[in-house]
Amino acid sequence: MIGMPDLMATPRRKACVECRQQKIRCDVEQHKTPHDPCNRCKKMNLECRILPTSTRNLRQTKAEMRRELEELRWNMRQAGGSATATPGAGGDGQSSAFQSPIDMSSYHSGPRSGEVTDASQSLSPVPVGYGGGQGMTATRALDGYVVDAKRIDDCFSLFFTQYHPLLPVLDFSLSPQTPNEYYELSPFLFWTIIVTGSRQYSSDPTILDRISALIIPLAFSSMALRSTPIPVIQGLLILCTWRLPTNSMYKDMTHMLCGAAVHLATQIGLHVDGVGQDFARMPLKKDQDQKIFRARIWMHCVNVSIRTSCAEGIPPLVIADTFFDGDEKEREDTLAHLPIDVQFHHKLHIVLHKAMAAMARTNLKSVNTDLGVLRSLIGIFDSQLLTLAASSPSELDTFHLSCARIHILAFHFFAPPTHQDFESLSRLYSLCISVLQMSNTMAHQGSFALVSQSFVDRTVSLAGFIILKLVRSPLASHLDLAAGEAAYFHAAHFSRSISMQSNDLAARVESIMTSLWGSSKVFRRKERHPESLGLRLRTRLSMSLSFDMFWYWREEFGHMKNPYNGEEGNGSGSGQSNAHTRPGTPGRSFPSQALSQPPHQQIPQQTLPSSTHPQTSKFDPNPALMGHMPMPNATAMNFDTWGENTGSDYGAAPMLDQFPDYDWAASFDFANEWPQVPIQGIEGGLGGAGYNSFG
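Per the UniProt record's numbering, the sequence shown starts with residue 1, numbered consecutively.
Below is the structure:
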């Protein structure tokens with residue numbers, strides 16, 4: 001204790017700015033004027049500065065930060081710069097429904113790239129808090145691809161004005177405020193915002209192309225680090241909501257990324273109410289804001305997981321209700337702090353989750369499935385959605401609810417063609433027309449097609465295929481065919497408008513839909529009459545209709561042999577491998593320009609199949625099946641087949657016919673352009689090596 005007075009009398013050595021920010025020891029000698037740089041700054045070629053007073057951990061109030069921001073703007077305006085201009089979203093005619101309530105000025109706390117002022121030269125390159133003067137956006141690079149500050153600001157602005165309001169997964173009271181801070185927190189989340197915002201960035205379309213190819217490896221490396229799990233989860237949810245453009249579903253990693261997000265969330269305890277103390281190694285402070293933030297992230301995980309599984313035709317695996325198990329008072333306290341639209345979407349997706357899980361447990365694979373159980377389940381879950389519709393917060397939320405109804409009502413097609421419920425199919429026809437008309441209206445009023453979620457994209461094409469099946473059925477004489485045709489081409493136009501790259505999945509789906517509408521052979525089975533109400537592919541839940549339609553396209557325009565048992569394809573029947581088949585479409589040009597004409601001009605009248613004007617004698621609905629809703633048969637709802645069709649389809653030859661994908665069904669290849677020669681069949685045929693040949 002003898003030396004204690006001497007230690008107290010000695011002034012504390014002050015670290016330079018760079019060392020203090022990194023919280024490391026600094027050997028600078030501050031008493032010399034001018035002082036010599038410390039060894040670390042000298043070694044790293046940094047500017048060694050010492051502040052005259054300590055400002056450690058000083059926080060500005062919101063009013064002070066706004067005042068400082070306004071002063072900076074005034075200084076830049078006086079210097080001839082303009083820091084208030086924010087990039088457009090492809091035009092001034094954007095719909096006000098998609099404008100963010102956030103003040104985007106918080107993302108432009110410094111001058112644009114290339115605008116240098118006296119004030120900006122004196123700023124430290126390290127960003128500070130919200131709206132601080134040290135937040136000029138830095139140029140960033142991902143695996144050698146450089147994006148300058150202006151493009152970063154533009155993409156951030158597009159993301160937070162167009163996309164984030166539809167998936168408010170970022171909490172601005174707990175999240176960073178500037179692009180620099182997002183990058184410091186999580187490079188993966190930063191580049192996810194960039195690639196999502198670049199979907200509408202017409203000034204530089206290469207950003208979307210280049211980053212789309214680089215962000216998946218970054219996602220896996222970020223998951224492996226485990227240093228910042230919540231930003232990684234947020235980035236994964238954004239990528240799953242707006243899929244990266246690709247020309248093949250074989251390359252699509254969305255479902256895998258969605259599963260990773262859910263498992264990361266459960267591993268840190270987001271599925272449990274509270275701050276996650278049971279999943280932490282250190283004592284955690286009971287913070288109400290953090291508790292609400294975790295609850296909202298988990299709700300988004302559940303919703304995105306259910307949407308992704310439904311769009312893929314795979315039973316959802318997430319246990320969606322665990323968060324609300326437990327004390328009712330705590331549950332009500334949590335819900336009181338959550339936005340109404342988040343609660344609505346959670347209830348909506350819980351119903352959709354239960355419906356898909358219940359349908360998957362029935363014997364859908366067999367054409368002799370129990371109709372009483374099937375129709376009872378459809379009626380129960382559809383009525384739950386109709387009840388929920390009364391609490392819809394907005395027109396867009398009602399649209400999403402209608403999309404969920406289409407997926408549930410589509411299970412009517414799993415009934416045998418001779419025992420169809422024509423009354424329910426008529427209502428489904430009207431619902432599909434209504435949804436497609438609404439999507440077309442919103443697409444013309446604003447940027448809905450460009451910001452629509454992947455679940456909506458798949459549902460729109462599903463609704464179009466449902467209309468095609470019904471207008472070629474015995475029910476056609478009782479339907480409004482003109483409205484159905486217009487709605488069908490609304491769906492095709494929608495697929496074209498969401499296309500991000502040349503010949504990606506959306507563009508190819510549009511061409512497939514156009515080809516099938518003009519086909520006179522679709523739904524025909526050898527010499528029999530067309531049977532459009534039947535399903536051959538039955539293991540992809542509601543999306544079985546879409547994948548089945550892709551196989552019809554492949555059979556007619558690709559001359560592929562039908563892979564399903566008991567069916568004969570339209571091929572030559574020689575039994576040769578598909579790898580050696582080079583089909584053509586004699587007498588038909590590829591319909592890539594078909595949608596440039598009005599719908600009624602695209603298809604000549606003589607090309608419409610005879611089933612569009614069927615004989616009324618074929619329409620003989622069974623009244624007992626039209627209005628009766630029997631109770632489920634408990635013996636039929638067994639769990640023996642659960643999980644039977646959900647295994648991996650990689651390298652499993654006996655399961656190939658259960659997992660046809662967009663690549664298989666639409667004869668997609670990995671080329672950049674649609675083939676100008678007859679489309680080649682998939683290498684390896686439909687045998688055991690056929691699927692693996694995609695690798």
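No residue lacks a Cβ here, since even glycine has one placed at the ideal position from N, Cα and C.
Rounding to the nearest angstrom, what Cα-Cα distance links Gln-453 and Thr-459 in this structure? 10 Å
According to DSSP, is Leu-142 helix, strand or coil? strand
Cα separation between Tyr-163 and Gln-200? 10 Å
How close, in whole Å, do the beta carbons of Asn-247 and Asn-503 come, if the pair is a contact with beta carbons under 8 Å? 6 Å
Would His-346 and Ile-378 qualify as a contact pair, given that the criterion is a beta-carbon distance under 9 Å? no
Could you tell me the alpha carbon to alpha carbon distance between Glu-423 and Leu-335, rounded to whole angstroms? 39 Å
Quick one: grab the DSSP three-state call for Val-522. coil
Where Gln-658 falls: helix, strand or coil (DSSP): Per-residue confidence for Gln-658 stands at a pLDDT of 35, beneath the threshold of 50, marking its modelled position as unreliable; the derived number appears in the next sentence. If DSSP states are grouped into helix, strand and coil, Gln-658 belongs with the helices.
With which residues is Val-147 paired in a DSSP beta bridge? Arg-140
Is the CB-CB distance between Ile-215 and Thr-241 below 9 Å? no
Under 8 Å by Cβ, that's how I've got Leu-218 and Phe-188 pegged, so tell me the actual separation to the nearest angstrom. 5 Å
What does the alpha-carbon distance come out to for the pair Ala-311 and Arg-540? 10 Å
Can you check whether the CB of Ala-487 is closer than 9 Å to the CB of Ser-495? no
What residues in its chain sit with their C-beta under 6 Å from that of Leu-284, if we drop five residues either side in the sequence? Val-275, Gln-277
Roughly how many angstroms lie between the CA atoms of Phe-670 and Lys-251, to the nearest whole one? With a pLDDT of only 37 at Phe-670, under 50, the local geometry of the prediction cannot be trusted, and no value is derived from it.
Using alpha carbons as the reference points, say which of Thr-139, Glu-18, Arg-49 lies closest to His-31. Arg-49
DSSP-derived helix/strand/coil call for Phe-411: helix
Find the nearest neighbour of Ala-295 within the set Lys-354, Gly-269, His-419, judged by alpha-carbon distance. Gly-269
Could you pull out every residue in the same chain whose Cβ sits closer than 7 Å to the Cβ of Val-451, ignoring the five residues on either side in sequence? Phe-98, Gln-162, Tyr-163, Leu-166
Let me check understanding here. Comparing Cα to Cα, which of Leu-72, Gly-197, Val-169 lies closest to Ser-447? Gly-197
State the Cα-Cα distance for the pair Lys-14 and Phe-190, rounded to the nearest angstrom. 34 Å
For Gln-30, which of helix, strand or coil comes out of DSSP? coil
Quick check on the burial criterion: 16 or more other C-beta atoms within 10 angstroms. Buried or exposed for Ser-497? buried
Helix, strand or coil for Gly-446 per DSSP? coil
Give me, in chain order, the residues of the same chain whose beta-carbon lies closer than 7 Å to that of Ala-358; leave out the 5 immediate sequence neighbours on both sides. Leu-377
Gln-242: first and last residue of the uninterrupted alpha helix (DSSP H) it sits in: Rather than Gln, the amino acid found at residue 242 in this sequence is Trp. Counting along the chain, Trp-242 falls outside any alpha helix (DSSP H), and DSSP gives it neither H nor E.
If you reduce the DSSP assignment to three classes, tell me which class Met-500 lands in. coil
In whole angstroms, give me the CA-to-CA distance for Arg-472 and Thr-369. 24 Å
Ala-149: buried (16+ other C-beta within 10 angstroms of its C-beta) or exposed? buried
Start and end residues, alpha helix (DSSP H) containing Ala-280: Unbroken run through Ala-280: none, as it is neither H nor E.
Ile-433 classed as buried or exposed, judged by whether at least 16 other C-beta atoms fall within 10 angstroms: buried
Can you check the region 166-244 for any alpha helix (DSSP H) of at least 4 residues that lies completely inside it and give the ranges in chain order? 179-185, 187-197, 206-225, 229-241
Could you tell me the distance, in whole angstroms, from the CA atom of Leu-338 to the CA atom of Ser-391? 15 Å
Below 8 Å CB to CB, which residues in the same chain sit around Phe-279 once its five sequence neighbours on both sides are set aside? Gln-267, Ile-268, Gly-269, Val-272
Tell me which same chain residues have a C-beta within less than 8 Å of the C-beta of Asn-39, skipping the five on either side of it? Asp-27
On the CB-based measure, 16 or more other CB atoms within 10 Å of its CB, does Met-282 come out buried or exposed? exposed
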